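Under our numbering, read the sequence shown as residues 17 to 798, first letter to last.
Positions of the beta carbon are idealized from the N, C-alpha and C atoms, including for glycine.
What you are looking at is a predicted structure, and each value in this text was computed from that prediction instead of being measured.
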Amino acid sequence: MSLLAQVDRLPGSDAIPGTQTSSGNQTSPGTQTFPSYPMPSVMPPIWYSDPLADRNVLQQRPPAPAPEMVPAPPEPDNEFQQFIANSLGYHLPIFGQNLFQNVPSTFAPLDRVPVTPDYFIGPGDELLVRAWGQVEFNARTVVDRNGAIYLPKVGGLNVAGLRYDQLHDYMAAAIGRVFKNFELSVTMGQLRSLQVFVVGQVKRPGTYTVSSLSTLVNALFASGGPSNRGSMRRIQLKRQGKTVTTFDLYDLLVLGDKSKDVTLLSGDVIYVPPVGPLVALAGSVNLPAVFELQDHDTLGSAIAFAGGLTSTAAGERVMLERIDQHQTRREDEFPLSANGLKRELHDGDLVRFLPVSLRFENAITLRGNVALPGRYPWRAGMHVHDLIPTREALITEEYWKRQNQLAIGANGQRFQPLKLEPDRAASAPAPEGGRAPSTPEVAGAAGTDVQHLRPEEIKNEVKRSAAEINWDYAVIQRLDRDNLTTHLLPFNLGRAIAGDDQQNLLLEAGDVVTIFSQQDLQVPIAQQSKFVRMEGEFRFAGVYQVQPGETLRHLVGRIGGFTSQAYLYGAEFTRESTREDQQKRLDQYVNELGKSIERNAVAIQGRTGDEAAAASQALEGQRRLLEKLHQLKATGRIVLELKASAASLDQFPDLVLEDGDRLFVPFRPATVDVIGSVYNSSAFVFKPGKTVGDYLRISGGITKTGDHGRTFVIRADGSTISGQNHKGLIFNSFSSLRMAPGDTIVVPEKLDRGLLLRGFRDWTQVISQFVIGAAAAKVLFP
17 MSLLAQVDRL PGSDAIPGTQ TSSGNQTSPG TQTFPSYPMP SVMPPIWYSD PLADRNVLQQ
77 RPPAPAPEMV PAPPEPDNEF QQFIANSLGY HLPIFGQNLF QNVPSTFAPL DRVPVTPDYF
137 IGPGDELLVR AWGQVEFNAR TVVDRNGAIY LPKVGGLNVA GLRYDQLHDY MAAAIGRVFK
197 NFELSVTMGQ LRSLQVFVVG QVKRPGTYTV SSLSTLVNAL FASGGPSNRG SMRRIQLKRQ
257 GKTVTTFDLY DLLVLGDKSK DVTLLSGDVI YVPPVGPLVA LAGSVNLPAV FELQDHDTLG
317 SAIAFAGGLT STAAGERVML ERIDQHQTRR EDEFPLSANG LKRELHDGDL VRFLPVSLRF
377 ENAITLRGNV ALPGRYPWRA GMHVHDLIPT REALITEEYW KRQNQLAIGA NGQRFQPLKL
437 EPDRAASAPA PEGGRAPSTP EVAGAAGTDV QHLRPEEIKN EVKRSAAEIN WDYAVIQRLD
497 RDNLTTHLLP FNLGRAIAGD DQQNLLLEAG DVVTIFSQQD LQVPIAQQSK FVRMEGEFRF
557 AGVYQVQPGE TLRHLVGRIG GFTSQAYLYG AEFTRESTRE DQQKRLDQYV NELGKSIERN
617 AVAIQGRTGD EAAAASQALE GQRRLLEKLH QLKATGRIVL ELKASAASLD QFPDLVLEDG
677 DRLFVPFRPA TVDVIGSVYN SSAFVFKPGK TVGDYLRISG GITKTGDHGR TFVIRADGST
737 ISGQNHKGLI FNSFSSLRMA PGDTIVVPEK LDRGLLLRGF RDWTQVISQF VIGAAAAKVL
797 FP
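Structure follows, in structure tokens:
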């Protein structure tokens with residue numbers, strides 16, 4: 017017998033999504049026919065009733081707030097986890113516990129969750145019933161504990177036990193017994209809540225009120241899930257004293273299968289028993305963790321739980337630690353074959369999957385100053401020449417990057433064309449040994465013309481494009497597999513590439529071939545390439561590579577000599593190694609002086625009155641002096657000791673050149689500078705025969721704060737002369753010292769030479785010993 021055998025079944029129209037509607041337009045004999053009402057074009061909203069309003073007036077229900085996510089409190093490791101941590105040296109989590117780390121604080125039902133067709137109506141469910149046509153009413157009714165509802169103008173109906181997909185037809189048939197020609201909409205309102213019990217080994221056991229749509233998994237989430245001592249594979253649902261189902265969470269975690277999840281009823285008991293047999297999988301698996309076993313679980317199924325092996329896992333063997341009859345532990349090893357995957361695991365097993373070895377069976381490593389460092393395949397009979405067939409194989413990528421910077425400088429700016437004066441370009445003779453360009457050249461942007469670069473733009477561009485190869489020494493590093501010792505086999509790289517049998521060594525698998533540059537291992541001076549910068553009044557200024565043992569005098573002659581405007585006495589020769597040494601000594605001196613000043617500052621703290629004020633003033637003066645000294649930077653200048661009248665190449669010293677040396681020859685200046693504590697600090701026209709005293713007089717003389725006795729001269733060649741180190745034939749000979757073009761007279765301020773100045777040298781000593789130069793002196797003595 018059908019469900020609606022007791023009532024007249026009426027045909028219904030198609031339901032609007034989310035509602036169940038029908039049309040009661042059937043006409044019986046002797047009854048009046050009513051016109052059918054059109055279906056609404058939009059779905060009726062979800063309603064709720066205001067307690068203060070008419071219960072027949074339906075109002076829209078606001079959406080329920082989303083449940084708040086609360087982190088689960090940390091839980092101590094169980095005994096097996098502690099046991100595994102002691103064996104491995106690190107912690108392994110329990111598989112699946114991360115699923116319950118953030119759980120909702122409430123499982124109140126959401127109003128907008130759709131009700132499934134197989135949902136059973138029960139006491140406490142709210143129904144929203146709306147009828148229009150011959151009969152009109154809006155009813156909000158709750159199923160009472162007897163399973164019945166009351167509808168206006170219709171009466172009571174027993175709906176408990178009906179599925180949701182049966183509810184509409186049943187109610188349409190019941191109303192159709194009284195009224196005809198009507199439309200009906202039936203939706204669910206507030207669903208009933210259920211009370212269930214979650215007990216056993218869960219994080220938060222207790223009684224929970226959940227939605228009637230909740231399932232066993234939902235209740236587990238509400239309780240925080242199984243604890244570290246609870247089973248994830250034998251979760252039981254008990255109803256009226258009987259076990260309805262046993263749920264395995266691994267089906268959900270591993271396969272995503274929730275088909276065995278069961279909808280809860282009021283009074284259900286969810287029981288989580290103690291955890292079953294445990295095993296641990298560590299090493300090269302995707303999910304190292306502690307896993308729970310069921311009967312006859314094998315190594316293969318455990319690997320599936322762990323997400324399989326990693327791409328670097330070694331397949332030839334597996335390490336197994338097993339507790340033998342709860343007494344001793346033993347280690348086992350077996351291959352990861354088909355039979356190995358079928359091996360049954362026991363409670364307490366620890367399985368370790370090893371990674372593949374980093375050793376290459378048939379490779380040779382090439383490293384160092386080479387174009388393409390890396391590993392290359394080895395073959396029997398392979399020699400060094402097979403690995404490095406040509407010298408071009410050693411040209412590094414950095415070399416080509418520098419070589420390809422045709423139009424872009426180190427500062428990122430494009431070089432601009434420079435038009436030379438035609439007469440100068442045409443009349444410039446070539447130096448000895450061939451043509452030398454009067455200006456540097458690079459290819460233009462289109463590659464069809466040549467751009468001449470300004471000296472200030474090209475100044476730092478001409479340099480080594482890459483470190484130079486050490487052709488005399490390279491080495492093979494080889495491991496002796498018998499005693500695991502490393503042997504070094506040196507060879508001559510240049511001769512090996514050329515095919516010399518004695519140097520073209522036989523290679524073995526696993527060899528490491530290292531190529532050195534001349535910077536890695538310093539080679540003899542004669543084998544090193546050197547670049548020297550020649551700037552200023554040279555006929556062909558530029559950057560030149562010097563020959564082994566070549567001197568400054570020889571190089572100047574080789575590149576064409578000086579111009580007619582060259583002022584040899586003012587030549588500045590600088591060397592990087594000298595600059596580093598000068599700067600180191602200068603920094604050490606300034607640091608020692610600073611410490612001395614601070615010690616003296618502590619010593620004056622006990623003084624009082626005028627003595628303390630004078631000492632404090634002197635201390636501030638010394639600190640200002642220290643700030644000036646911090647500004648000094650060594651130049652690396654070497655005084656060439658030329659005469660002021662020097663005009664020929666023969667007067668240059670025979671100084672052997674080093675890599676990075678720089679010689680700047682200025683044009684002949686026409687002034688003498690007077691700086692420091694004078695009334696008119698300025699540059700004055702040089703006149704032959706004029707002395708220090710003459711230039712001091714035309715500068716207005718020395719001020720009251722100037723220290724006449726410590727006045728000194730910085731010569732154009734970088735040397736320093738003061739009244740203390742200059743002795744002449746007449747009295748006060750320093751004032752009668754004749755000046756040369758480019759010289760600088762410096763008059764320092766008077767300094768208190770009391771306690772606070774102990775350890776301070778004269779400015780003359782500082783400038784001369786560290787070869788500071790006139791440019792720095794102008795900063796110190798503005």
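Pull up the distance between the alpha-carbon of residue 731 and that of residue 600, whole angstroms please.
-> Each residue's alpha carbon lies about 24 Å from the other.
Keeping to the same chain, check which residues put their C-beta closer than 6 Å to that of residue 442; ignore five residues upstream and five downstream.
-> Note that residue 442 scores 35 on pLDDT, short of 50, meaning its location in the model is unreliable; the coordinates nonetheless yield the value given after this. The answer is none, since no qualifying residue turns up.
Given a cut-off of 8 Å, decide if residue 333 and residue 351 are closer than it, judged by their beta-carbon atoms.
-> Yes, the pair counts as a contact, with Cβ atoms nearer than the cut-off.
In the DSSP assignment, what residue or residues form a beta bridge with residue 151?
-> In the DSSP output, where bridge partners are listed per residue, residue 151 has none listed.
Who are the near neighbours of residue 703 in its chain, counting only those whose CB is closer than 8 Å to its CB and skipping five residues on each side?
-> If we look at residue 703 and ignore the five residues flanking it on each side, it has no Cβ neighbours.
4-residue-minimum alpha helix (DSSP H) runs that sit fully inside the segment 578-664, ordered along the chain | Runs found: 592-619, 625-646.
Extent of the continuous beta strand (DSSP E) to which residue 508 belongs = Residue 508 -> no beta strand (DSSP E), and no H or E assigned at all.
Looking at residue 280 and residue 231, is the spacing between their C-beta atoms short of 8 Å?
-> At the C-beta level, residue 231 and residue 280 come within 8 Å of one another.
Nearest CA to the CA of residue 181: which residue from 203, 755, 278?
-> Just measuring C-alpha positions, the residue of 203, 755, 278 sitting nearest residue 181 is 203.
For residue 355, three-class secondary structure by DSSP | Three-state result, residue 355: helix.
Mind checking residue 695: buried by the 16 CB within 10 Å criterion, or exposed?
-> Exposed.
Sort out for me which residues DSSP pairs residue 400 with in a bridge.
-> Residue pairing by DSSP places residue 400 opposite no residue, since no beta bridge is assigned to it.
Between 646, 342, 700, which lies nearest to residue 714 when the distance is taken from Cα to Cα?
-> Here the closest residue by C-alpha is 700.
The beta strand (DSSP E) enclosing residue 204, as first and last residue numbers = Residues 198-204.
From residue 733 to residue 683, what does the alpha carbon distance come to, in whole angstroms?
-> For residue 733 and residue 683, the distance between alpha carbons rounds to 13 Å.
In terms of residue numbering, what span does the alpha helix (DSSP H) encompassing residue 166 cover?
-> The continuous stretches of alpha helix (DSSP H) do not include residue 166, which lies in the beta strand (DSSP E) extending over residues 164-167.
Please classify residue 143: is it buried, with 16 or more other beta-carbons within 10 angstroms of its beta-carbon, or exposed?
-> Flag for residue 143 reads buried.
Residue 106 lies in the alpha helix (DSSP H); which residues open and close that run?
-> Taken as a continuous stretch (DSSP letters only), residue 106 belongs to no alpha helix (DSSP H), as it is neither H nor E.
CA-CA distance, residue 7 and residue 693?
-> This structure leaves residue 7 out entirely; the chain is present only between 17 and 798.
Report yes if the C-beta distance between residue 239 and residue 214 is below 8 Å; otherwise report no.
-> Closer than 8 Å, so yes.
Residue 729 to residue 416, Cα distance in whole Å?
-> Distance between the alpha carbons of residue 729 and residue 416: 49 Å.
Can you round the beta-carbon distance between residue 229 and residue 286 to whole angstroms, since I take them to be within the 8 Å contact cut?
-> Residue 229 to residue 286, Cβ: 16 Å. No contact.
Please name the residue, chosen from 766, 758, 710, 686, that lies closest to residue 722 on a Cα-to-Cα basis.
-> When each option's Cα is compared against that of residue 722, the closest is 766.
Between the segment 292-306 and the segment 315-322, do three or more beta carbon pairs fall short of 8 Å?
-> The segment 292-306, when compared against the segment 315-322, does touch it at the 8 Å Cβ threshold.
Delimiting residues of the beta strand (DSSP E) encompassing residue 187 = For residue 187, there is no enclosing beta strand (DSSP E); the enclosing alpha helix (DSSP H) has its first and last residue at 180-192.
The alpha helix (DSSP H) with residue 317 in it runs from where to where?
-> Residue 317 -> alpha helix (DSSP H) spans 315-321.
List the endpoints of the continuous beta strand (DSSP E) containing residue 174.
-> Element bounds for residue 174: 171-174.
With 16 as the cutoff for other CB atoms within 10 Å, does residue 739 come out buried or exposed?
-> Buried.
Could I get the ranges of all uninterrupted alpha helix (DSSP H) runs contained in the segment 267-331, with 4 residues as the minimum, in chain order?
-> Taking only runs of at least 4 residues, the alpha helix (DSSP H) segments lying wholly in the segment 267-331 are 315-321.
How would you call residue 412, buried or exposed, if buried means at least 16 neighbouring beta carbons within 10 angstroms?
-> Buried.
Whose C-alpha, out of 306, 587, 387, is nearest the C-alpha of residue 98?
-> If we check each option's Cα against that of residue 98, 306 comes out closest.
Any idea which residues DSSP pairs residue 680 with across the strands?
-> According to DSSP, which records beta bridges pairwise, residue 680 is partnered with 551, 588.
Do you know offhand how far residue 187's Cα is from residue 193's?
-> Answer to the nearest angstrom: the Cα atoms are 10 Å apart.
Which value, in whole angstroms, describes the spacing of the CA atoms of residue 590 and residue 676?
-> Rounded to whole angstroms, the separation of the alpha carbons of residue 676 and residue 590 is 9 Å.
Backbone secondary structure at residue 384 - three-state DSSP | Assignment of residue 384 by DSSP, reduced to helix, strand and coil, places it in the strand class.
Go ahead and label residue 223 buried or exposed: buried means 16 or more other beta carbons lie within 10 angstroms of its beta carbon, across all protein chains shown.
-> So residue 223 counts as exposed.
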